[in-house]
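Q: I'd like to ask some things about the structure below.
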Amino acid sequence: MIKNVWHVMGKELKSYFYSPVAYVVLTLFILLVGWRYSVLLVNAALQTAAGTPYAPFDGPQYVILNHFAVISTVLLFLLPLITMGVYAEEKKKGTMELLFTLPLSNGQIILGKFLANFLFCLLLFCGSAVPLITLFRFAAAPPAIIPILVGYLGIVLLTAAVLSLGHFLSTLTENQIVAAALTFVLVIVLYFFNEFGQAGNEGLAAVLRYLSPLSHLESFLVGTLDVSHLIYFISVWVFGIFLTYRTLESLRWR
Amino acid sequence: MVRLARYASLAGLFIMLAALLHFGVVNRWNYGHWLALTMGGVLVGVGVALNLAVWRQALRRRQAAEGIHFFVTGVLLLVVLLLLNLLAVRHNWRWDSTPNQQYSLSAYTVQVLQNLEHDVHLRVFLAPVDQPEAIQFRESLRSLLREYSARSPHIHWQMIDPDRQREQARRYNIQYYNTIVVECPPRVELVEQPDESVLTGAILKVVSDETKRVFFSTGHGERSPANPSGYGFSLASAALQNRNYELGQINLLQEKLTVEECRLLIIAGPKKEWALGEIEAVEEYVRAGGALLVMVDPPPDAALATLLKTWGVQPRLDRIYDDSQAGRVLGTEVGAPLVTRYPDHPITRGMPVMTIFPSARSLERVSPWPEGITLQYLLRTNPGSWSERDSPIPPPAEPQFNPGTDLIGPLDIGFAVERVVGQAAEAGDTSPPAARLVVVGDSDFVTNAYFNQFSNGDLFLNMVNWLTAEEDLIAIQPRDPANVPILLTEVERRSVYYLTVIILPLVPLLAGIAVLFFRRRRR
């Protein structure tokens, strides 16, 4: 079982890294995040220079929080592009039928493809974490490492949840652009639920806020780990994988 | 008939959807919604019933069976996930990984919350979130409130956008963003700089039946809390009464001052010196744990030197003039010094705006230092200020600094004095209890003419709050963000730029080129 998952994942990863697309995405992501990071660091240094001794300014926290905000915004645009081709491309090329003839279960196909995407995203995050090393050199006191790791855990959980929804939407169509657009719209609607749900903690506002991944992400970014937020991301991931599974079942049957 | 049935089903679905949408807009469920849902359901049912043969045929197809299977398992999974989420929210467990436990409550707050017997409503009037820093503030506030409500079923909180819900903002007279209204009818308390210590303090205030009594001394030409003229304190006394303080006046020659009856004694600009007996009465009151706010004006007014000396403060026989840049820009009088920067003290923390002190005298620390006393300056004039001894009355229109005789600024005009209870006192010996004093070299800054100028009113109210604070509450240290500067030279700035914008992105780019190159060569 695991061997088959491993096999599908390896094949997917090979297809990314034997084409220039993966390198271009990696380069652009690291360039964008790195450029914003350098601007943030300079801003923090300027604020330090301009600040009064009576108004405390936590430079590293300012940089780290804004850095996470940049990453989560870039993910909004990037994740739909990563998931768009996973099934839509196979359907268009007609390789889906070929895949079904192999001795692989739907679960193995789904997990293999998901893990390939997920590992690629982890590589992106590793690249985005490298600039943070400079904080240890230039901040008057080095930032605590564990809250940064908790923040990254939030980003990783958000990625897993959005990837699973993106995979489901990719099974619905043969057109990659449509798949990307659907995922983008879904994610942006979910992101905006957070804004709609700002006014109040009761009734519909609370439900909307709860549905938005951003409301759960914020807690991770400041360095706290709530079990309720963890359960939310796992639930979305499970639901996305379930939907993908059911659609693949119906595709296989047809 | 088939068409009719389809229309009925569609209309039913439409009505149900409209009811849900309407609920989404008004955010309140009522009988109308139930009625619309029932009507819609009946219409859908009628539609299906009228078209039963077609439905039956469709359901026999494999596609339909697949669909139903999909739907049922989907709904089942959703229900399970929903229950799991509900359970996690109700019994949330949190791990705070920040070094100083920035997002966890102190033991004292937990105790206060567990002892609550009445419902307390917290309404947060949020600032618009258009900056990532605002996210941090909002998240820390939200997590704080979540922790509060998790500790007591009597805490109910709500986030309100004051720009969208103006009626609410007007009802509580909200002046600033991020104000929390703490309400336990009939008491209401406004918290403008929310952190754990002030929030817990406000909750204690609205639930407690005790009103703190503040007395003004009389008999020496002091400012009157009832005087509505520009020289009076009527605005200040109204502001205190709005904050649940009970005010009174006391003549120490006629009445006895006790801590049980009076939490704070305000001596506001006496014109005549005090009798020895009166000073002894005040000393005894402070020794018993009473708090004191002393405001002394420039000579020839009373300096209360004998009283203040035991607390480490000595008013100088002078008058301060301020010809600083800030004063010139604002066009204030030379005789009214400005304070534009504040130290990190509970009274002045977070004060955004300057304060003005028309005709002030300077204060100095007594030497040798009285034992067991901590003294911190609160108010200090700008570098462009100076003080003159024996300044003529009325003061000259254009005073000049005389290097030989005058004292050059910055000069201290306000001190916060505390007698801290040591470990010996806790062990039960005869050491005096903790006491608090604030001494200011001016009383005009609280008068009606100046109370609403700059931050004068805020400063006075902060002083009273600090002086009358519950001793336990002071144990809650507000978790201010740490001050960690980032220092970059021009060379370092450039090297960070090269590292993040050129070197790091080059790594995957070069790796990509290498892989593609070797793959092509292998072919």
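Chains A and B are the protein sequences, given in the same order.
With positions in the first sequence counted from 1, the corresponding number in my numbering is that position plus 126.
Note that my numbering gives residue 144 to position 151 of the second sequence, counting from 1, and the numbers run on in steps of one.
A virtual CB, placed ideally from N, CA and C, is assigned to each residue, including glycine.
1. Taking the beta carbon of THR66 (chain B) as the centre, do at least 16 other beta carbons fall within 10 Å, making it buried, or is it exposed?
2. Under DSSP, the alpha helix (DSSP H) around MET135 (chain A) begins and ends at which residues?
3. Which same chain residues end up closer than 6 Å to VAL359 (chain B) when comparing Cβ atoms and leaving out the 5 residues on each side of it in sequence?
4. Compute the Euclidean distance between the alpha carbons of ALA175 (chain A) and ILE401 (chain B), then round it to the nearest angstrom.
5. Let's see if you can read the secondary structure: which residues bound the beta strand (DSSP E) around ILE506 (chain B)?
6. Ignoring anything shorter than 3 residues, give me the beta strand (DSSP E) runs that lie fully in the stretch 172 to 215 of chain B, in order along the chain.
7. In this structure, what does DSSP give as the bridge partners for PRO535 (chain B)?
8. The alpha helix (DSSP H) that contains GLU239 (chain B), what's its start and end?
9. Do the stretch 31 to 45 of chain B and the stretch 328 to 344 of chain A touch if we need at least three Cβ pairs shorter than 8 Å?
10. On the criterion of 16 or more Cβ atoms from any shown chain inside 10 Å, does VAL267 (chain B) qualify as buried, or is it exposed?
11. Does the distance from the C-beta atom of LEU246 (chain B) to that of LEU285 (chain B) stay below 9 Å?
12. So which residues of chain A does ARG373 (chain B) contact, with C-beta pairs closer than 8 Å?
13. Quick one: which chain B residues come within Cβ less than 7 Å of SER164 (chain A)?
14. With respect to the beta strand (DSSP E) encompassing MET222 (chain A), which residues constitute its N-terminal and C-terminal limits?
15. Is there contact between the stretch 61 to 77 of chain B and the stretch 351 to 367 of chain A, where contact requires at least three CB pairs shorter than 8 Å?
16. Should ASN327 (chain A) go down as buried or exposed, given a rule of 16 or more other Cβ atoms within 10 Å for buried?
17. What residue does the beta strand (DSSP E) around SER378 (chain B) start on, and which one ends it?
18. What residues are listed by DSSP as bridge partners for GLY407 (chain B)?
19. Are there three or more Cβ pairs, one per stretch, closer than 8 Å when the stretch 425 to 439 of chain B is compared with the stretch 279 to 296 of chain B?
20. Check this for me: beta carbons of ASP315 (chain B) and THR350 (chain A), under 9 Å apart or not?
21. How about the stretch 203 to 223 of chain B and the stretch 239 to 253 of chain B: do they share at least three Cβ pairs that are nearer than 8 Å?
22. Okay, do the stretch 130 to 140 of chain A and the stretch 224 to 234 of chain A touch, 3+ Cβ pairs below 8 Å being the bar?
23. Counting only runs that start and end within the stretch 253 to 337 of chain B, where is the beta strand (DSSP E) found for 3 or more residues in a row?
24. DSSP three-state label for ILE386 (chain B), please.
25. Quick check: what's the CA-CA separation for GLY365 (chain B) versus GLU411 (chain B)?
26. Using 10 angstroms around the beta-carbon of THR373 (chain A), count the other beta-carbons present and answer buried if the total reaches 16, otherwise exposed.
27. Quick one: list the residues of chain A neighbouring PHE130 (chain B), beta-carbon separation under 9 Å, in chain order.
28. Which residues share a DSSP beta bridge with TRP150 (chain B)?
29. So what does DSSP say about ASP451 (chain B), is it helix, strand or coil?
30. Does the beta-carbon of CYS252 (chain A) have 16 or more other beta-carbons within 10 angstroms, so that it is buried, or is it exposed?
31. Under 9 Å between the Cβ atoms of ALA171 (chain A) and PHE264 (chain A)?
32. Nearest to MET32 (chain B) by CA position, among B:ALA46, B:LEU3, B:GLY60, B:ARG49, is which residue?
33. With distances taken from CA atoms, which of B:LEU77, B:THR374, B:GLU276 is nearest THR299 (chain B)?
34. Listing by chain order, which chain A residues have their CB less than 9 Å from the CB of TYR96 (chain B)?
35. Are the beta-carbon atoms of LEU106 (chain B) and SER136 (chain B) separated by less than 9 Å?
36. For chain B, check one thing: does any of its Cβ atoms lie closer than 9 Å to the Cβ of ILE314 (chain A)?
A: Here's the rundown:
1. By the 10 Å Cβ count, THR66 (chain B) comes out exposed.
2. MET135 (chain A) -> alpha helix (DSSP H) spans 128 to 143.
3. The answer, listed in chain order, is LYS302, GLY305, GLN307.
4. Spanning the two alpha carbons is a distance of roughly 28 Å.
5. Taken as a continuous stretch (DSSP letters only), ILE506 (chain B) belongs to no beta strand (DSSP E), being part of the alpha helix (DSSP H) at 497 to 515.
6. The stretch 172 to 215 of chain B contains these whole beta strand (DSSP E) runs: 172 to 177, 180 to 184, 205 to 210.
7. Absent from the structure is residue 535 (chain B), since the part of chain B shown begins at -6 and ends at 516.
8. Element bounds for GLU239 (chain B): not the alpha helix (DSSP H) but the beta strand (DSSP E), 238 to 243.
9. In short, these stretches do not touch, since the Cβ pair count stays below three.
10. Going by the sequence as given, residue 267 (chain B) is Trp instead of Val. With 16 or more other Cβ atoms within 10 Å, it is buried.
11. Result no, Cβ atoms of LEU246 (chain B) and LEU285 (chain B) do not sit closer than 9 Å.
12. The premise fails here: ARG373 (chain B) is roughly 12 Å from chain A at the closest Cβ pair, so nothing lies under 8 Å.
13. Those within 7 Å of SER164 (chain A) in chain B are VAL489, TYR490, THR493, VAL494.
14. Per DSSP, MET222 (chain A) belongs to no beta strand (DSSP E); it is in the alpha helix (DSSP H), 221 to 227.
15. Judged by pairs of C-beta atoms under 8 Å, the stretch 61 to 77 of chain B touches the stretch 351 to 367 of chain A, as three or more such pairs exist.
16. Caution is warranted here: a pLDDT of 48 is assigned to ASN327 (chain A), below 50, making its placement in the model unreliable, and the coordinate value is therefore given only provisionally. Its Cβ being crowded by 16 or more others within 10 Å, ASN327 (chain A) is buried.
17. Counting along the chain, the beta strand (DSSP E) containing SER378 (chain B) begins and ends at 378 to 382.
18. Residue pairing for GLY407 (chain B): DSSP places it in a beta bridge opposite B:LEU372, B:VAL433.
19. The stretch 425 to 439 of chain B, when compared against the stretch 279 to 296 of chain B, does touch it at the 8 Å Cβ threshold.
20. No, the Cβ-Cβ distance between ASP315 (chain B) and THR350 (chain A) is not below 9 Å.
21. The stretch 203 to 223 of chain B makes contact with the stretch 239 to 253 of chain B: 3 or more CB pairs, one atom from each, lie closer than 8 Å.
22. Contact between the stretch 130 to 140 of chain A and the stretch 224 to 234 of chain A is present, because at least three Cβ pairs lie under 8 Å.
23. Segments of the beta strand (DSSP E) lying fully in the stretch 253 to 337 of chain B: 257 to 261, 284 to 288, 306 to 308, 311 to 315.
24. In the three-state reduction of the DSSP assignment, ILE386 (chain B) falls in the coil class, being assigned neither a helical nor a strand state.
25. Going from the Cα of GLY365 (chain B) to the Cα of GLU411 (chain B) covers about 9 Å.
26. Answer is buried; the Cβ neighbour count reaches 16.
27. Against chain A, a Cβ distance below 9 Å from PHE130 (chain B) picks out nothing, because the smallest value is about 10 Å.
28. TRP150 (chain B) pairs with B:LEU115.
29. Reduced to three states, the DSSP call for ASP451 (chain B) is helix.
30. Counting Cβ neighbours within 10 Å, CYS252 (chain A) comes out exposed, since fewer than 16 surround it.
31. Contact flag set, yes.
32. Looking at B:ALA46, B:LEU3, B:GLY60, B:ARG49, the one whose alpha-carbon comes closest to that of MET32 (chain B) is B:LEU3.
33. Checking every option, the nearest Cα to that of THR299 (chain B) belongs to B:GLU276.
34. Within 9 Å Cβ-Cβ: SER345, VAL348, GLY349, THR350.
35. With contacts defined as CB atoms closer than 9 Å, LEU106 (chain B) and SER136 (chain B) fail to qualify as a contacting pair.
36. Interface with chain B (9 Å Cβ-Cβ cutoff): ILE314 (chain A) is excluded.
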